[in-house]
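Quick mapping for you: the protein sequence lines, in order, are chains A and B.
Letter 11 of the first sequence, counting from 1, is numbered 11 in this note's numbering, and no numbers are missing.
Letter 224 of the second sequence, counting from 1, is numbered 535 in this note's numbering, and no numbers are missing.
We put the CB at the ideal spot given by N, CA and C, even for glycine.
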Amino acid sequence: MTTPLVSLTNAGKSYKELDALKSVTMHLNQGEVMGLFGHNGAGKTTMMKLILGVISPSRGKVEVMGMAPDSKEAWHARSKVGYLPENVSFYEQLTGLEVLTYFAKLKGFSKKQAIDLLEQVGITHAMKRQVKTYSKGMRQRLGLAQAFIGEPKLLLLDEPTVGLDPIATRDFYKTVDQLKSNGSSVILCSHVLPGVEQHIDRAMILSTGQLLAMGTLKELRQQAALPVAIKPSGLNGSVVNDSRLNGFLTANCPDTLMVPEHEKLSVLKQLLSHDTLEDLQVEAANLEQVYQHFLGLHENKSASHEKGAQG
Amino acid sequence: MRQILTVANKEFHDGLRNRWLISITLIFSLLSIGLTYFGAAASGAVGVASLSTTVASLASLAVFLIPLIALLLSYDSFVGEQESGTLLLLLTYPLSKSQLLLGKFIGQGGIIALATLLGFGSSAVLLYFQLDDPAVLTSFSVFILSAVLLGLSFTAISYLISLSVSEKSKAAGFALITWFLFALAFDLALLALLVGVEEGLSQQGLTQLMMLNPADIFRLVNLSGLDSSDVNGALAVAINASLSQAQLFTALFAWVALPLTLAIFIFRRKKL
Numbered sequence: 001m002t003t004p005l006v007s008l009t010n011a012g013k014s015y016k017e018l019d020a021l022k023s024v025t026m027h028l029n030q031g032e033v034m035g036l037f038g039h040n041g042a043g044k045t046t047m048m049k050l051i052l053g054v055i056s057p058s059r060g061k062v063e064v065m066g067m068a069p070d071s072k073e074a075w076h077a078r079s080k081v082g083y084l085p086e087n088v089s090f091y092e093q094l095t096g097l098e099v100l101t102y103f104a105k106l107k108g109f110s111k112k113q114a115i116d117l118l119e120q121v122g123i124t125h126a127m128k129r130q131v132k133t134y135s136k137g138m139r140q141r142l143g144l145a146q147a148f149i150g151e152p153k154l155l156l157l158d159e160p161t162v163g164l165d166p167i168a169t170r171d172f173y174k175t176v177d178q179l180k181s182n183g184s185s186v187i188l189c190s191h192v193l194p195g196v197e198q199h200i201d202r203a204m205i206l207s208t209g210q211l212l213a214m215g216t217l218k219e220l221r222q223q224a225a226l227p228v229a230i231k232p233s234g235l236n237g238s239v240v241n242d243s244r245l246n247g248f249l250t251a252n253c254p255d256t257l258m259v260p261e262h263e264k265l266s267v268l269k270q271l272l273s274h275d276t277l278e279d280l281q282v283e284a285a286n287l288e289q290v291y292q293h294f295l296g297l298h299e300n301k302s303a304s305h306e307k308g309a310q311g
Numbered sequence: 312m313r314q315i316l317t318v319a320n321k322e323f324h325d326g327l328r329n330r331w332l333i334s335i336t337l338i339f340s341l342l343s344i345g346l347t348y349f350g351a352a353a354s355g356a357v358g359v360a361s362l363s364t365t366v367a368s369l370a371s372l373a374v375f376l377i378p379l380i381a382l383l384l385s386y387d388s389f390v391g392e393q394e395s396g397t398l399l400l401l402l403t404y405p406l407s408k409s410q411l412l413l414g415k416f417i418g419q420g421g422i423i424a425l426a427t428l429l430g431f432g433s434s435a436v437l438l439y440f441q442l443d444d445p446a447v448l449t450s451f452s453v454f455i456l457s458a459v460l461l462g463l464s465f466t467a468i469s470y471l472i473s474l475s476v477s478e479k480s481k482a483a484g485f486a487l488i489t490w491f492l493f494a495l496a497f498d499l500a501l502l503a504l505l506v507g508v509e510e511g512l513s514q515q516g517l518t519q520l521m522m523l524n525p526a527d528i529f530r531l532v533n534l535s536g537l538d539s540s541d542v543n544g545a546l547a548v549a550i551n552a553s554l555s556q557a558q559l560f561t562a563l564f565a566w567v568a569l570p571l572t573l574a575i576f577i578f579r580r581k582k583l
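Dropping the structure here:
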């Protein structure tokens, strides 16, 4: 059993009056891609800063590659970590190549690597232009190139696909998959985005500094116990007449059966036995629904908590 | 060390790119050549003025200009990068806070130092050929060296400002106030103290008070060697109780080192 690349043990961070991160325990293994989801102010950036060693935890322990990231000994490990901040505007008056060369040199790499990276993210044509002439997407690509300097073992990406067009987004996920197969670990921080699901191994859901849920998408779906949506066509109302099936129908989508995960197969079998069945669509709850579920659960809990405190 | 040089190199090139070096050099050389040639105009003659008059006029101008330029050049060094997000990013790199600060200091200080050397050096060369007097070179070496130290001192002071505020516009405001206090208000206050308070201040005490202002130390360095006829105001009194050049340079150097150390200290404790 290898030691995890990143591990947080009851780690938290408080500022004067604000618990930015309450108490989080998590482990990230080598070659694993973790999705970190939450609203603004949920503590995502604070958690990233803790892992980066820019701030020190108020309580608990943070370890990256076996060392506390804010310690002196973790110094040389920093060139093995890549970070893309959420809001960064690079030196506007410099060209893209100059910006990336500066950052590459600070990590101990040369201009040549900077050029290669610019090619990888596809802005070679603009590398001699000043950053102030770049579009939002180009800036984001430049930021990504910056994070990829030196084939990092650990990548922390804050809202990496904001401003990217679909093709660039696809290229980006391709790079993530490639880094993953090379053994890099990635923490992807984002509001829930469509398309992110197949690229992450596990997801973490944060809200107001609290860890709401963590696990693979499958585990989270089970925990959330969200029903599977089954949409048969060609049955001509025989579902409504079926006493077993019509219980799964909901008022707002009369053609769709919302079936709990454990009954999915038996319902499918029954549907398949209908001769008139033309087509069947099965959709498991997606990440966004899982996310909404946990967030809703948390809000209800804190609302009832407040009520209890008042009463 | 490599990290410091990388940062210094970037900052220096920023100074070149933004035309800071060329404009400061031009301002200094135009002023100093102008003063060298027309400094005597007030006494009715156009031509090369005497050495002490020239240095005195240059020093009186430089004492206003250099702090202002240094503050303008560096006030947004940190707060600017903080606003654009690159400061946070840089600190995730294998780059310590003191390395970043020293790198910036060497880069921006290099711009100020080079501009001072080129700008005032030009008139030193000019004057040397006109007067054919080796004393020109010694006076100007002292003048240029102290001017560089003055510039570095205000660069360090502007880092203090840049690290203590969270908005660029606030840093600009504080920079302006700092300039006003050191370049103008401090002397007025000293003068008021001298005139208003009888028996209040000995010559010794006055000189000691002047050590609290790098701009005044710069004045003392450059004017104490000259005839006091070219000098007036609070300074003339202080010069009579003058400290040695070495002591003055030490004090000026302390005005570089102390703010810089304090800036590193503030940077280390700064919340990001």
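Spatial neighbours of L362(B) in its own chain (CB-CB distance under 8 Å, excluding positions within 5 residues in sequence) are listed in chain order as L438, L442, D444, A446, V447 and S450. Looking at the DSSP output, K13(A) sits in a beta bridge with L21(A). Within the same chain, Cβ atoms closer than 7 Å to the Cβ of K581(B) are found at L474, the five residues on either side in sequence being excluded.
Distance check between P152(A) and each of R141(A), Y173(A), T133(A) and L179(A) places L179(A) closest, using alpha-carbon atoms only. Not a single CB atom of chain A sits nearer than 7 Å to the CB of K415(B). Between E478(B) and K415(B), the C-beta gap is not smaller than 7 Å, which leaves the two residues out of contact. Rounded to the nearest whole angstrom, the CA to CA distance from S89(A) to S395(B) is 5 Å. Counting along the chain, Y470(B) sits inside the alpha helix (DSSP H) bounded by residues P445 to S475. Between the alpha carbons of L52(A) and A381(B) lies a distance of about 34 Å. Not a single C-beta of chain A is nearer than 7 Å to the C-beta of G391(B). Among the residues facing chain B, Y291(A) is not included, as its CB has no counterpart in that chain under 7 Å away. Contact of G396(B) with chain A is assigned, a C-beta pair being separated by under 7 Å.
According to the DSSP assignment, R530(B) belongs to the alpha helix (DSSP H) that extends over P525 to L534. Ranking L376(B), S368(B), T347(B) and S409(B) by CA distance to the CA of M312(B) puts S409(B) first. A496(B) and Y386(B) do not touch by the CB rule: their CB atoms are close to 19 Å apart, not below 8 Å. Under the 10 Å beta carbon count, A373(B) is surrounded by 16 or more other beta carbons and is classified as buried. Within the same chain, Cβ atoms closer than 8 Å to the Cβ of V99(A) are found at F90, Y91, V131, L142 and Q146, the five residues on either side in sequence being excluded. Burial check for C253(A): the Cβ neighbour count within 10 Å stays below 16, so the residue is exposed.
Contact annotation for L583(B) against chain A: K49, V54 and I55 [CB-CB distance below 9 Å, chain order]. A residue is called buried when at least 16 other Cβ atoms come within 10 angstroms of its Cβ; E219(A) does not meet this threshold and is exposed. Beta-bridge analysis with DSSP links S207(A) to Q210(A). Taking Q281(A) as the centre and dropping the five residues before and after it, the same chain places the C-beta of K231 closer than 6 Å to its C-beta, in chain order.
DSSP places S266(A) within a helical segment (H, G or I) once states are collapsed to three. In this structure, G38(A) is the residue among G12(A), L235(A), K264(A) and G38(A) with its C-alpha nearest to the C-alpha of L188(A). The contact set of N329(B) on chain A, defined by CB atoms closer than 9 Å, consists of Q93 in chain order.
Comparing alpha-carbon positions, the option among A77(A), V62(A) and G66(A) lying closest to T25(A) turns out to be V62(A). Residues of chain B with a Cβ closer than 8 Å to the Cβ of P85(A) are, in chain order, G396, L399 and L400. Between E32(A) and D201(A) the beta-carbon gap is near 5 Å, inside 8 Å, which marks them as a contact. For M47(A), the enclosing alpha helix (DSSP H) has its first and last residue at K44 to L52. Per DSSP, Y102(A) is one residue of the alpha helix (DSSP H) stretching across G96 to L106. The three-state secondary structure of K153(A), taken from DSSP, is coil. Contact annotation for V240(A) against chain B: no contact, minimum CB-CB distance about 57 Å [criterion: below 8 Å]. With contacts defined by Cβ atoms closer than 7 Å, A229(A) and T250(A) do not form a contacting pair. For V121(A), none of the residues of chain B pass the 9 Å Cβ criterion, the least Cβ distance being about 17 Å.
Ranked by Cα distance from P570(B), the options K481(B), A503(B), A494(B) and G462(B) are led by G462(B). Relative to the Cα of N182(A), the nearest Cα in the group Y291(A), L154(A) and L217(A) belongs to L154(A).
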